[in-house]
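J.: Per the numbering used here: the sequence shown = residues -6 to 388.
Think of the CB as a built atom: it goes at the ideal place given N, C-alpha and C, for glycine as much as any other residue.
I'd like to ask some things about the structure below.
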Amino acid sequence: MAQLPDQEDSSKPNLFSPYKLGRFNLSHRIVLAPCTRCRALNGIPQPAMAEYYSQRATRGGFLITEGTMVDPTSAGFPHVPGIFTAEQVEAWKKVVDSVHAKGAVFFCQLWHVGRASHEVYQPAGCAPVSSTDKAISKRWRILMTDGSYGIYPEPRALGTDDIAKIVDFYRVAAVNAMKAGFDGVEIHGAHGYLIDQFLKDGINDRVDEYGGPLRNRCKFMTQVVRAVADAVGPDRLGVRISPAIDHLDATDSDPLGLGLAVVERLNELQSDAGAKLAYLHVTQPRYVAYGQTEAGRSGSEEEEALLMRRLRDAYRGTFICSGGYTRRLGNKAVARGEADLVSYGRLFIANPDLVLRFKLGAPLNMYDRKTFYTQDPVVGYTDYPFISNQYISRL
Ligand SMILES: Cc1cc2nc3c(=O)[nH]c(=O)nc-3n(C[C@H](O)[C@H](O)[C@H](O)COP(=O)(O)O)c2cc1C
């Protein structure tokens, strides 16, 4: 007999309750979190990516792509996909079609890493750009093209005028995502990358209108979100933040205050547009450095729960939580109203049929960290086993 998802109270929703995500009807609440996998050779999505995403797609499921470059200065990992050339858009179409063929909803995550890059990833070997000219400390290492780890170089602080150009790259990338057939885009404002480099006072040391008080530090993100919302419609746009995560030195003296300020901007934007954004996606700090380690936390369980609760209560729209969720914790979060949807990263990497496994309460494959960022189109990518028919027939 198949086990029912564990839940606190059967009258409450769980991971398998349907959900209306704006214009999209989801049949369950288990989301594929954006996960960089470095299989887009020279920035071009490959056939293996169509297979990888379609393996994880279910009817009425919701998938978000890996971080996708908005312009040639956006990359800080080898072989991440882009969405700024016609060739990239054409290649994405095949990936999107394979996911749509399974009946899932698919958003493209728009990413600029800012200073979390290296000259080798930059056009003409230039310095990476950021809100600041301070480098990421040696506590963190950058994955180089040959698989070794290097030191983050000093970035170039963007001039006030350069910023408008970057905002426009996001807008064009979002339009391109629509051309490729995506249902929407997610703005990556988390994990110490470019937008977070503007948001956090541990990094942003600007003295222009993009630095200093909270409202100024939120300005770049707000401009990006407004430009993209105007271009593709607010309901085709989600925003991801991680106010309490210090990945890549992205510290803030008041993570809750920062998170609430971002939420206030998004609520304002929704009122101005007279329409809701698709969602707010928040990574919680119990999940820390996904690049190099499993370890680390920056606060007690109660502090983290309080931060998530306050953001969830303040945001007027769909709330997705991410970071260290299991089947049990996901069901609990949905049942308690702590989130509408739950995104899964590492468990989904290792379990292409995670949704079925959760439904059945079946055992999970363990992920292999060594192949997270390698380029093999099969090993550690599309070869994680599906649950066997023998297992299912024994139920
Ligand atoms: C290999 C790997 C790559 C990731 N790449 C991205 C990314 O491109 N964009 C992003 O927003 N988060 C990225 N993340 C973070 C995940 O989206 C997710 O929030 C994180 O893994 C925590 O969820 P989990 O505990 O379910 O793995 C990545 C995580 C992993 C493990």
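Please classify residue 203: does DSSP put it in a helix, a strand, or coil?
T.: Looking at residue 203 - three-state DSSP - the assignment turns out to be coil, as it is neither helix nor strand.
J.: Helix, strand or coil for residue 281 per DSSP?
T.: With a pLDDT of only 48 at residue 281, under the threshold of 50, the placement of this residue in the model should not be trusted; the figure read from the coordinates follows. Here residue 281 sits in coil by DSSP.
J.: So what does residue 179 bridge to, in DSSP terms?
T.: Answer is 102 and 231, bridged to residue 179.
J.: To which residues of the same chain is residue 343 closer than 8 Å at the C-beta, ignoring the five residues directly before and after it?
T.: Closer than 8 Å at Cβ, skipping near neighbours: 357, 358, 359, 360, 361 and 377.
J.: For ligand 1, is there any heavy atom lying closer than 7 Å to the beta carbon of residue 261?
T.: Flag unset: Cβ of residue 261 not near ligand 1.
J.: Relative to ligand 1, is the shortest distance from any of its heavy atoms to the C-beta of residue 183 smaller than 7 Å?
T.: It does: the Cβ of residue 183 is within 7 Å (strictly closer) of some heavy atom of ligand 1.
J.: Would you check whether ligand 1 has a heavy atom nearer than 7 Å to the C-beta of residue 27?
T.: Yes; taking the cut-off as 7 Å, the Cβ of residue 27 has a heavy atom of ligand 1 nearer than that.
J.: According to DSSP, simplified to helix, strand and coil, what is residue 253?
T.: Helix, per DSSP.
J.: Assuming residue 53 contacts residue 81 under a Cβ cut-off of 8 Å, what Cβ separation, rounded to an integer in Å, is found between them?
T.: With a Cβ gap of about 28 Å, residue 53 and residue 81 do not count as contacting.
J.: In angstroms, rounded to a whole number, what distance separates the CA positions of residue 200 and residue 262?
T.: Computed Cα separation, rounded: 25 Å.
J.: Classify residue 383: buried if its beta carbon has 16 or more other beta carbons within 10 angstroms, exposed otherwise.
T.: Classification for residue 383: exposed.
J.: Measuring from the CB of residue 133, is there a heavy atom of ligand 1 at a distance below 7 Å?
T.: No, ligand 1 has no heavy atom inside 7 Å of this Cβ.
J.: In three-state DSSP terms, what is residue 274?
T.: Strand at residue 274.
J.: Is residue 59 a contact residue of ligand 1, with contact defined as CB to any heavy atom under 7 Å?
T.: Checking every heavy atom of ligand 1 against the Cβ of residue 59, one is found closer than 7 Å.
J.: Considering only residues of the same chain and omitting the five flanking positions on each side of residue 87, which have a CB-CB separation below 6 Å?
T.: The answer, listed in chain order, is 43.
J.: Tell whether a beta-carbon distance below 8 Å holds between residue 128 and residue 108.
T.: Contact flag set, yes.
J.: Could you tell me which residues DSSP pairs with residue 149 in its beta bridges?
T.: DSSP, once it has assigned bridges, lists 122 as partnering residue 149.
J.: Whose C-beta lies closer than 6 Å to the C-beta of residue 223 among residues of the same chain, with five residues either side of it excluded?
T.: Answer for residue 223: no residue qualifies.
J.: Compute the minimum distance between the beta carbon of residue 364 and the heavy atoms of ligand 1, and state whether it is under 7 Å.
T.: No, the Cβ of residue 364 stays beyond 7 Å of every heavy atom of ligand 1.
J.: Which residue from 161, 25, 385 and 19 puts its Cα closest to that of residue 353?
T.: That would be 385, whose Cα lies nearest to the Cα of residue 353.
J.: Should the stretch 64 to 82 be called in touch with the stretch 328 to 348, which here means at least 3 C-beta pairs below 8 Å?
T.: Judged by Cβ distances under 8 Å, the stretch 64 to 82 makes no contact with the stretch 328 to 348, as fewer than three pairs qualify.
J.: Going by DSSP, what residue range makes up the alpha helix (DSSP H) through residue 294?
T.: That run of the alpha helix (DSSP H) goes 294 to 307.
J.: Are residue 275 and residue 23 closer than 8 Å when you measure CB to CB?
T.: No, they are not a contact pair.
J.: For residue 16, which residues of its own chain have a beta-carbon under 7 Å away from its beta-carbon, when the five flanking residues on both sides are left out?
T.: These residues qualify, in order along the chain: 228.
J.: If contact is defined by three or more beta carbon pairs under 8 Å, each pair taking one atom from either stretch, is the stretch 176 to 183 in contact with the stretch 92 to 103?
T.: At 8 Å Cβ cutoff, the stretches touch.
J.: Kindly give me the distance between the Cβ atoms of residue 374 and residue 32, rounded to whole angstroms, as I take these residues to be in contact under 8 Å.
T.: Residue 374 to residue 32, Cβ: 6 Å. Contact.
J.: The beta strand (DSSP E) spanning residue 18 covers which residue range?
T.: Residues 17 to 19.
J.: Would you grab the beta carbon distance between residue 225 and residue 168 for me? Rounded to a whole angstrom, and I think it's under 8 Å.
T.: The Cβ separation is near 7 Å, so the contact holds.
J.: Since residue 27 and residue 57 are thought to touch, with beta carbons under 8 Å apart, how far apart are those beta carbons, to the nearest angstrom?
T.: Right, their Cβ atoms sit about 5 Å apart.
J.: Taking all protein chains shown into account, decide if residue 7 is buried (16 or more other Cβ within 10 angstroms of its Cβ) or exposed.
T.: With 16 or more Cβ atoms within 10 Å of its Cβ, residue 7 is classed as buried.
J.: Can you give me the start and stop residues for the beta strand (DSSP E) that residue 60 sits inside?
T.: Where residue 60 is concerned, the enclosing beta strand (DSSP E) stretches over 55 to 62.
J.: Which residues in the same chain have their Cβ closer than 6 Å to the Cβ of residue 315, if we skip the five residues on either side of it in sequence?
T.: 26, 276 and 336, listed in sequence order.
J.: Assuming residue 89 and residue 173 make a contact with CB atoms under 8 Å, what is their CB distance in whole Å?
T.: Going by Cβ atoms, the distance from residue 89 to residue 173 rounds to 6 Å, so yes, they are a contact pair.
J.: Determine the contact status of residue 310 and residue 269, defining contact as a CB-CB distance below 8 Å.
T.: Taking 8 Å as the Cβ cut-off, residue 310 and residue 269 qualify as a contacting pair.
J.: Run through DSSP, which three-state label would residue 75 get?
T.: Three-state result, residue 75: strand.
J.: Since residue 104 contacts residue 186 with CB under 8 Å, what's their CB separation in whole angstroms?
T.: Residue 104 to residue 186, Cβ: 7 Å. Contact.
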